[in-house]
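J.:
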Amino acid sequence: MAKLCTIGRPFYKKLESSLTEKAFLKEMSMTKRGMLKLLQTFDWISICNETVESDNFTAVHIHEHSRQTLDSLYGSPEQGWLSYSFTYMLNILFPGRCKDLDAAYVPGALLFYRILRVIYQEGKDRRQFSPVLDMERATEEEAENSFVKEEYANLVRALDDEYVYEFSRLAAEITPFNNLGHVSGVHYVAMHVARQLSQLGVQVDLPLISGAAVSHDIGKFGCKEHEARRIPYLHYYYTDEWLKRHGMPQIAHIASNHSTWDLELENLSVESLILIYADFRVKSTRSAAGEEEIHFYTLKESYGVILGKLDNVDETKKHRYERVYHKLRDFELYMESLGVSTDIASRECAQIPQKDV
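Numbering-wise, the sequence shown is residues 1323 to 1679 according to my numbering.
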(Lines of atoms letter the chains of each structure in order from A and count residues from 1; the text may use other names and numbers.)
(Lines give C-alpha, C1' and ligand atoms only; values in the text may rest on other atoms or scores of the structure.)
Protein backbone atom coordinates (compact mmCIF):
# COMPACT_ATOMS: atom_id res chain seq x y z
CA MET A 1 0.00 0.00 0.00
CA ALA A 2 2.88 2.37 0.74
CA LYS A 3 4.10 1.91 -2.83
CA LEU A 4 0.67 2.69 -4.23
CA CYS A 5 0.37 5.80 -2.10
CA THR A 6 3.69 7.02 -3.47
CA ILE A 7 2.48 6.41 -7.03
CA GLY A 8 -0.87 8.12 -6.63
CA ARG A 9 -0.10 10.99 -4.27
CA PRO A 10 1.13 13.55 -6.88
CA PHE A 11 -2.00 12.85 -8.90
CA TYR A 12 -4.18 13.26 -5.83
CA LYS A 13 -2.54 16.60 -4.98
CA LYS A 14 -3.37 17.88 -8.49
CA LEU A 15 -6.98 16.81 -8.02
CA GLU A 16 -7.11 18.43 -4.61
CA SER A 17 -5.64 21.66 -5.97
CA SER A 18 -8.13 21.83 -8.84
CA LEU A 19 -11.18 21.11 -6.71
CA THR A 20 -10.23 23.70 -4.10
CA GLU A 21 -9.68 26.63 -6.45
CA LYS A 22 -11.61 29.62 -5.13
CA ALA A 23 -13.66 30.20 -8.28
CA PHE A 24 -14.73 26.57 -8.48
CA LEU A 25 -15.60 26.38 -4.78
CA LYS A 26 -17.76 29.48 -5.20
CA GLU A 27 -19.50 27.91 -8.20
CA MET A 28 -20.14 24.78 -6.14
CA SER A 29 -21.18 26.73 -3.01
CA MET A 30 -18.63 24.79 -0.98
CA THR A 31 -15.80 25.70 1.36
CA LYS A 32 -12.25 24.46 0.99
CA ARG A 33 -12.58 22.60 4.27
CA GLY A 34 -15.78 20.95 3.04
CA MET A 35 -14.18 19.83 -0.22
CA LEU A 36 -11.12 18.43 1.53
CA LYS A 37 -13.34 16.54 3.96
CA LEU A 38 -15.31 15.12 1.02
CA LEU A 39 -12.14 13.85 -0.63
CA GLN A 40 -10.99 12.32 2.63
CA THR A 41 -14.35 10.75 3.47
CA PHE A 42 -14.53 8.90 0.18
CA ASP A 43 -10.83 8.04 0.17
CA TRP A 44 -9.88 9.73 -3.08
CA ILE A 45 -6.21 9.08 -2.43
CA SER A 46 -6.97 5.39 -2.90
CA ILE A 47 -9.01 6.13 -6.02
CA CYS A 48 -6.06 8.04 -7.47
CA ASN A 49 -3.72 5.22 -6.52
CA GLU A 50 -5.91 2.62 -8.22
CA THR A 51 -6.33 4.77 -11.32
CA VAL A 52 -2.59 5.20 -11.74
CA GLU A 53 -1.90 1.54 -11.00
CA SER A 54 -4.48 0.36 -13.55
CA ASP A 55 -3.51 3.07 -16.05
CA ASN A 56 -7.21 3.58 -16.72
CA PHE A 57 -7.90 7.28 -17.23
CA THR A 58 -11.38 6.99 -18.72
CA ALA A 59 -14.71 8.53 -17.80
CA VAL A 60 -16.36 5.15 -17.39
CA HIS A 61 -13.65 4.04 -14.98
CA ILE A 62 -13.65 7.18 -12.87
CA HIS A 63 -17.45 7.20 -12.83
CA GLU A 64 -17.44 3.88 -11.01
CA HIS A 65 -15.25 5.42 -8.32
CA SER A 66 -16.89 8.83 -8.11
CA ARG A 67 -20.53 7.74 -8.12
CA GLN A 68 -20.65 7.27 -4.36
CA THR A 69 -19.21 10.74 -3.79
CA LEU A 70 -21.71 12.37 -6.14
CA ASP A 71 -24.67 10.41 -4.77
CA SER A 72 -23.83 11.43 -1.21
CA LEU A 73 -24.09 15.10 -2.15
CA TYR A 74 -26.91 15.22 -4.66
CA GLY A 75 -28.62 11.86 -4.87
CA SER A 76 -28.63 9.89 -8.11
CA PRO A 77 -30.16 11.08 -11.40
CA GLU A 78 -32.51 8.59 -13.00
CA GLN A 79 -30.34 8.17 -16.10
CA GLY A 80 -27.09 7.90 -14.12
CA TRP A 81 -24.27 10.40 -13.85
CA LEU A 82 -22.60 9.60 -17.17
CA SER A 83 -25.73 10.18 -19.21
CA TYR A 84 -26.87 13.14 -17.13
CA SER A 85 -23.48 14.85 -17.37
CA PHE A 86 -23.43 14.35 -21.13
CA THR A 87 -26.94 15.76 -21.54
CA TYR A 88 -26.28 18.68 -19.21
CA MET A 89 -23.22 19.89 -21.10
CA LEU A 90 -24.96 19.30 -24.43
CA ASN A 91 -27.58 21.77 -23.23
CA ILE A 92 -24.90 24.25 -22.18
CA LEU A 93 -23.27 24.11 -25.61
CA PHE A 94 -26.59 24.41 -27.40
CA PRO A 95 -29.29 25.86 -25.13
CA GLY A 96 -32.65 24.21 -25.65
CA ARG A 97 -31.06 21.14 -27.18
CA CYS A 98 -32.49 18.95 -24.40
CA LYS A 99 -35.64 19.44 -22.37
CA ASP A 100 -36.75 18.27 -18.93
CA LEU A 101 -33.27 18.35 -17.40
CA ASP A 102 -33.47 18.25 -13.61
CA ALA A 103 -31.41 21.19 -12.34
CA ALA A 104 -30.93 19.57 -8.93
CA TYR A 105 -28.07 17.47 -10.32
CA VAL A 106 -26.19 20.28 -12.08
CA PRO A 107 -23.60 20.74 -9.28
CA GLY A 108 -22.86 17.01 -9.43
CA ALA A 109 -22.28 17.19 -13.18
CA LEU A 110 -19.93 20.16 -12.73
CA LEU A 111 -17.98 18.29 -10.07
CA PHE A 112 -17.75 15.25 -12.32
CA TYR A 113 -16.46 17.34 -15.24
CA ARG A 114 -13.89 18.99 -13.01
CA ILE A 115 -12.67 15.57 -11.91
CA LEU A 116 -12.58 14.43 -15.55
CA ARG A 117 -10.43 17.43 -16.47
CA VAL A 118 -7.78 16.38 -13.97
CA ILE A 119 -8.12 12.70 -14.89
CA TYR A 120 -7.66 13.31 -18.61
CA GLN A 121 -4.72 15.64 -18.06
CA GLU A 122 -3.02 13.10 -15.82
CA GLY A 123 -3.54 10.41 -18.43
CA LYS A 124 -2.07 12.68 -21.10
CA ASP A 125 0.96 13.43 -18.94
CA ARG A 126 1.63 9.70 -18.57
CA ARG A 127 1.45 8.66 -22.23
CA GLN A 128 2.78 9.75 -25.58
CA PHE A 129 1.03 12.40 -27.62
CA SER A 130 -1.97 11.01 -29.50
CA PRO A 131 -3.18 12.79 -32.66
CA VAL A 132 -6.68 11.38 -32.10
CA LEU A 133 -6.93 12.49 -28.46
CA ASP A 134 -4.76 15.57 -28.07
CA MET A 135 -4.81 19.04 -29.61
CA GLU A 136 -1.95 21.39 -28.86
CA ARG A 137 -3.13 24.96 -28.73
CA ALA A 138 -1.39 27.79 -30.51
CA THR A 139 1.60 29.13 -28.63
CA GLU A 140 1.54 32.51 -26.89
CA GLU A 141 3.78 33.92 -29.61
CA GLU A 142 1.52 32.59 -32.36
CA ALA A 143 -1.54 34.02 -30.63
CA GLU A 144 0.11 37.40 -30.07
CA ASN A 145 0.82 37.77 -33.80
CA SER A 146 -2.60 36.58 -34.92
CA PHE A 147 -5.22 38.63 -36.74
CA VAL A 148 -7.80 36.86 -34.57
CA LYS A 149 -5.97 37.26 -31.27
CA GLU A 150 -9.08 38.28 -29.33
CA GLU A 151 -11.23 35.63 -30.97
CA TYR A 152 -8.71 32.93 -30.14
CA ALA A 153 -8.73 34.06 -26.50
CA ASN A 154 -12.53 33.79 -26.60
CA LEU A 155 -12.20 30.28 -27.99
CA VAL A 156 -9.82 29.14 -25.27
CA ARG A 157 -12.14 30.61 -22.65
CA ALA A 158 -15.22 28.94 -24.14
CA LEU A 159 -13.49 25.56 -24.44
CA ASP A 160 -12.51 25.74 -20.78
CA ASP A 161 -15.72 27.22 -19.39
CA GLU A 162 -17.93 24.71 -21.20
CA TYR A 163 -15.63 21.70 -20.70
CA VAL A 164 -15.67 21.06 -24.45
CA TYR A 165 -12.74 18.63 -24.44
CA GLU A 166 -14.03 16.67 -21.46
CA PHE A 167 -17.53 16.60 -22.95
CA SER A 168 -16.25 15.44 -26.34
CA ARG A 169 -14.17 12.69 -24.81
CA LEU A 170 -17.07 11.57 -22.63
CA ALA A 171 -19.25 11.50 -25.76
CA ALA A 172 -16.70 9.31 -27.52
CA GLU A 173 -16.85 6.85 -24.62
CA ILE A 174 -20.60 6.56 -24.17
CA THR A 175 -21.99 7.16 -27.69
CA PRO A 176 -21.27 5.39 -31.01
CA PHE A 177 -19.57 8.49 -32.41
CA ASN A 178 -15.97 9.59 -32.00
CA ASN A 179 -16.22 13.25 -32.93
CA LEU A 180 -13.18 14.04 -30.77
CA GLY A 181 -10.99 11.62 -32.70
CA HIS A 182 -11.90 13.17 -36.04
CA VAL A 183 -11.54 16.75 -34.82
CA SER A 184 -8.20 16.02 -33.15
CA GLY A 185 -6.97 14.33 -36.31
CA VAL A 186 -8.01 17.23 -38.52
CA HIS A 187 -6.36 19.68 -36.13
CA TYR A 188 -3.16 17.62 -36.22
CA VAL A 189 -2.97 17.50 -40.03
CA ALA A 190 -3.94 21.15 -40.40
CA MET A 191 -1.35 22.44 -37.94
CA HIS A 192 1.29 20.05 -39.29
CA VAL A 193 1.24 21.70 -42.71
CA ALA A 194 0.30 25.19 -41.49
CA ARG A 195 3.31 25.55 -39.21
CA GLN A 196 5.60 24.47 -42.02
CA LEU A 197 4.06 27.02 -44.38
CA SER A 198 4.53 29.67 -41.71
CA GLN A 199 8.19 28.70 -41.33
CA LEU A 200 8.58 29.16 -45.08
CA GLY A 201 7.28 32.69 -44.88
CA VAL A 202 3.78 32.06 -46.20
CA GLN A 203 1.29 34.41 -44.55
CA VAL A 204 -0.86 31.99 -42.59
CA ASP A 205 -2.71 32.69 -39.34
CA LEU A 206 -2.00 29.72 -37.09
CA PRO A 207 -4.50 30.51 -34.30
CA LEU A 208 -7.18 31.01 -36.96
CA ILE A 209 -6.49 27.56 -38.37
CA SER A 210 -6.20 25.98 -34.93
CA GLY A 211 -9.46 27.54 -33.79
CA ALA A 212 -11.32 26.56 -36.94
CA ALA A 213 -10.02 22.99 -36.82
CA VAL A 214 -10.90 22.55 -33.14
CA SER A 215 -14.44 23.82 -33.66
CA HIS A 216 -15.30 22.80 -37.23
CA ASP A 217 -17.59 19.92 -36.21
CA ILE A 218 -18.92 21.15 -32.87
CA GLY A 219 -22.21 21.84 -34.61
CA LYS A 220 -22.84 18.11 -34.91
CA PHE A 221 -23.77 18.19 -31.23
CA GLY A 222 -26.28 20.95 -31.94
CA CYS A 223 -28.38 18.89 -34.34
CA LYS A 224 -31.61 17.71 -32.75
CA GLU A 225 -32.86 14.14 -32.85
CA HIS A 226 -35.28 14.76 -35.71
CA GLU A 227 -32.38 16.28 -37.67
CA ALA A 228 -30.13 13.22 -37.36
CA ARG A 229 -30.26 12.34 -41.05
CA ARG A 230 -29.30 15.88 -42.00
CA ILE A 231 -26.29 16.25 -39.70
CA PRO A 232 -23.84 16.34 -42.66
CA TYR A 233 -25.62 19.46 -43.90
CA LEU A 234 -26.94 21.16 -40.75
CA HIS A 235 -23.82 20.97 -38.59
CA TYR A 236 -22.29 23.89 -40.50
CA TYR A 237 -25.15 26.09 -39.30
CA TYR A 238 -24.82 25.03 -35.66
CA THR A 239 -21.04 25.41 -35.75
CA ASP A 240 -21.46 28.95 -37.05
CA GLU A 241 -24.06 29.70 -34.38
CA TRP A 242 -21.89 28.45 -31.49
CA LEU A 243 -18.81 30.35 -32.60
CA LYS A 244 -20.60 33.62 -33.25
CA ARG A 245 -22.42 33.37 -29.92
CA HIS A 246 -19.00 33.30 -28.27
CA GLY A 247 -17.61 36.23 -30.24
CA MET A 248 -15.66 34.45 -32.98
CA PRO A 249 -17.00 35.56 -36.39
CA GLN A 250 -13.70 35.18 -38.26
CA ILE A 251 -13.07 31.69 -36.90
CA ALA A 252 -16.71 30.88 -37.65
CA HIS A 253 -16.25 31.88 -41.29
CA ILE A 254 -13.48 29.32 -41.75
CA ALA A 255 -14.90 26.59 -39.52
CA SER A 256 -18.44 26.61 -40.90
CA ASN A 257 -17.39 26.63 -44.55
CA HIS A 258 -15.31 23.48 -44.80
CA SER A 259 -17.64 21.63 -47.17
CA THR A 260 -15.84 20.18 -50.19
CA TRP A 261 -18.87 20.12 -52.47
CA ASP A 262 -18.52 23.63 -53.85
CA LEU A 263 -14.80 24.18 -53.56
CA GLU A 264 -13.66 27.23 -55.50
CA LEU A 265 -9.89 27.34 -55.10
CA GLU A 266 -9.57 30.89 -56.36
CA ASN A 267 -11.95 32.30 -53.75
CA LEU A 268 -10.63 30.62 -50.61
CA SER A 269 -8.05 31.82 -48.11
CA VAL A 270 -5.06 29.63 -47.32
CA GLU A 271 -6.59 28.93 -43.89
CA SER A 272 -9.79 27.62 -45.51
CA LEU A 273 -7.83 25.46 -47.92
CA ILE A 274 -5.76 23.96 -45.12
CA LEU A 275 -8.86 23.05 -43.10
CA ILE A 276 -10.62 21.49 -46.11
CA TYR A 277 -7.43 19.64 -47.04
CA ALA A 278 -7.01 18.26 -43.51
CA ASP A 279 -10.68 17.31 -43.23
CA PHE A 280 -10.43 15.43 -46.52
CA ARG A 281 -7.54 13.32 -45.24
CA VAL A 282 -9.05 12.20 -41.92
CA LYS A 283 -11.78 9.57 -42.27
CA SER A 284 -13.60 7.10 -40.03
CA THR A 285 -14.50 3.44 -40.33
CA ARG A 286 -16.38 1.02 -38.08
CA SER A 287 -14.55 -1.83 -36.39
CA ALA A 288 -16.01 -5.33 -36.12
CA ALA A 289 -17.20 -4.31 -32.65
CA GLY A 290 -19.00 -1.30 -34.10
CA GLU A 291 -16.58 1.29 -32.74
CA GLU A 292 -15.69 4.33 -34.81
CA GLU A 293 -12.00 4.29 -35.71
CA ILE A 294 -10.07 7.28 -37.05
CA HIS A 295 -7.65 6.92 -39.97
CA PHE A 296 -5.12 9.25 -41.54
CA TYR A 297 -4.93 8.79 -45.29
CA THR A 298 -2.91 10.31 -48.06
CA LEU A 299 -4.98 12.53 -50.31
CA LYS A 300 -5.16 9.81 -52.97
CA GLU A 301 -6.09 7.11 -50.45
CA SER A 302 -8.82 9.27 -48.99
CA TYR A 303 -10.21 9.95 -52.44
CA GLY A 304 -10.40 6.19 -53.00
CA VAL A 305 -12.22 5.71 -49.69
CA ILE A 306 -14.75 8.37 -50.66
CA LEU A 307 -15.34 6.85 -54.09
CA GLY A 308 -15.92 3.49 -52.44
CA LYS A 309 -18.75 5.03 -50.44
CA LEU A 310 -20.27 6.65 -53.53
CA ASP A 311 -21.05 3.50 -55.48
CA ASN A 312 -24.75 4.28 -55.53
CA VAL A 313 -24.35 8.00 -56.15
CA ASP A 314 -25.03 9.54 -59.55
CA GLU A 315 -22.20 10.47 -61.90
CA THR A 316 -22.71 14.19 -61.34
CA LYS A 317 -21.78 13.94 -57.66
CA LYS A 318 -18.85 11.66 -58.44
CA HIS A 319 -17.60 14.21 -60.94
CA ARG A 320 -17.86 16.97 -58.33
CA TYR A 321 -15.75 14.99 -55.88
CA GLU A 322 -13.23 14.24 -58.60
CA ARG A 323 -12.98 17.96 -59.26
CA VAL A 324 -12.49 18.66 -55.55
CA TYR A 325 -9.78 16.02 -55.30
CA HIS A 326 -7.80 17.49 -58.19
CA LYS A 327 -8.01 20.99 -56.71
CA LEU A 328 -6.81 19.75 -53.34
CA ARG A 329 -4.07 17.79 -55.07
CA ASP A 330 -2.94 20.99 -56.81
CA PHE A 331 -2.79 22.69 -53.40
CA GLU A 332 -0.81 19.77 -51.96
CA LEU A 333 1.66 19.88 -54.85
CA TYR A 334 2.07 23.61 -54.30
CA MET A 335 2.86 23.07 -50.61
CA GLU A 336 5.31 20.30 -51.44
CA SER A 337 7.02 22.49 -54.04
CA LEU A 338 7.76 24.97 -51.25
CA GLY A 339 9.34 22.27 -49.12
CA VAL A 340 6.38 21.25 -46.95
CA SER A 341 6.19 17.61 -45.91
CA THR A 342 2.63 16.32 -46.11
CA ASP A 343 3.69 13.02 -44.55
CA ILE A 344 2.26 13.00 -41.03
CA ALA A 345 3.96 9.80 -39.89
CA SER A 346 6.25 11.94 -37.76
CA ARG A 347 4.87 14.31 -35.16
CA GLU A 348 7.60 16.79 -35.94
CA CYS A 349 7.40 19.14 -38.90
CA ALA A 350 9.80 18.44 -41.70
CA GLN A 351 13.10 20.26 -41.83
CA ILE A 352 12.39 23.15 -44.17
CA PRO A 353 15.22 23.92 -46.60
CA GLN A 354 16.29 27.57 -46.56
CA LYS A 355 15.52 29.29 -49.84
CA ASP A 356 16.78 32.57 -51.19
CA VAL A 357 14.12 35.25 -51.37
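Ideal placement from N, C-alpha and C gives every residue a C-beta, glycine not left out.
Check the C-beta distance from residue 1454 over to residue 1616 and give it rounded, since I have them as a contact under 8 Å.
T.: Cβ-Cβ separation between residue 1454 and residue 1616: approximately 5 Å, consistent with a contact (criterion under 8 Å).
J.: Quick one: is residue 1438 near chain B, going by C-beta distance under 8 Å?
T.: This model lacks chain B altogether, as it is built from one protein chain only.
J.: Report the three-state DSSP secondary structure of residue 1608 (helix, strand or coil).
T.: strand
J.: Any chance you could list the alpha helix (DSSP H) runs of at least 4 consecutive residues sitting entirely within the segment 1392-1477, in chain order?
T.: Runs of the alpha helix (DSSP H) inside the segment 1392-1477: 1403-1415, 1428-1447, 1462-1466.
J.: For residue 1617, write down the residues that DSSP places opposite it in a beta bridge.
T.: Residue pairing of residue 1617 in beta bridges, as defined by DSSP: 1605.
J.: Which residues bound the alpha helix (DSSP H) around residue 1554?
T.: For residue 1554, the enclosing alpha helix (DSSP H) stretches over residues 1553-1567.
J.: Rounded to a whole number of angstroms, what is the C-alpha to C-alpha distance between residue 1335 and residue 1440?
T.: Roughly 10 Å separates the two Cα atoms.
J.: Would you report the Cα separation of residue 1493 and residue 1572, rounded to the nearest angstrom?
T.: 27 Å
J.: According to DSSP, is residue 1525 part of a helix, a strand, or is it coil?
T.: coil
J.: Report all residues from its chain with a CB closer than 7 Å to the CB of residue 1409; omit the five preceding and five following residues, and keep chain order.
T.: 1420, 1423
J.: Residue 1564 and residue 1533: beta carbons closer than 8 Å?
T.: no
J.: What does the Cβ neighbour count give for residue 1516, buried or exposed, with the cut at 16 atoms within 10 Å?
T.: buried
J.: Distance check for residue 1528 and residue 1660, CA to CA, integer angstroms please.
T.: Straight-line measurement puts the Cα of residue 1528 at about 18 Å from the Cα of residue 1660.
J.: For residue 1325, which residues of its own chain have a beta-carbon under 8 Å away from its beta-carbon, when the five flanking residues on both sides are left out?
T.: With a pLDDT of only 46 at residue 1325, under 50, the local geometry of the prediction cannot be trusted, and the value read off the model is given with reservation. Closer than 8 Å at Cβ, skipping near neighbours: no residue.
J.: Can you tell me whether residue 1538 is helix, strand or coil according to DSSP?
T.: coil
J.: Exposed or buried, what is residue 1385 when buried is set at 16 or more other beta-carbons lying within 10 Å of its beta-carbon?
T.: With 16 or more other Cβ atoms within 10 Å, it is buried.
J.: Indicate the three-state DSSP secondary structure (helix, strand or coil) for residue 1600 in the structure shown.
T.: helix
J.: Do the segment 1540-1559 and the segment 1508-1526 touch if we need at least three Cβ pairs shorter than 8 Å?
T.: no
J.: Let me know if residue 1348 comes out buried or exposed under the rule of 16 or more other beta-carbons within 10 Å of its beta-carbon.
T.: exposed
J.: State the CB to CB distance for the pair residue 1627 and residue 1605, rounded to an integer number of angstroms; the pair is presumed to be in contact (CB under 8 Å).
T.: About 5 Å; that satisfies the 8 Å criterion.
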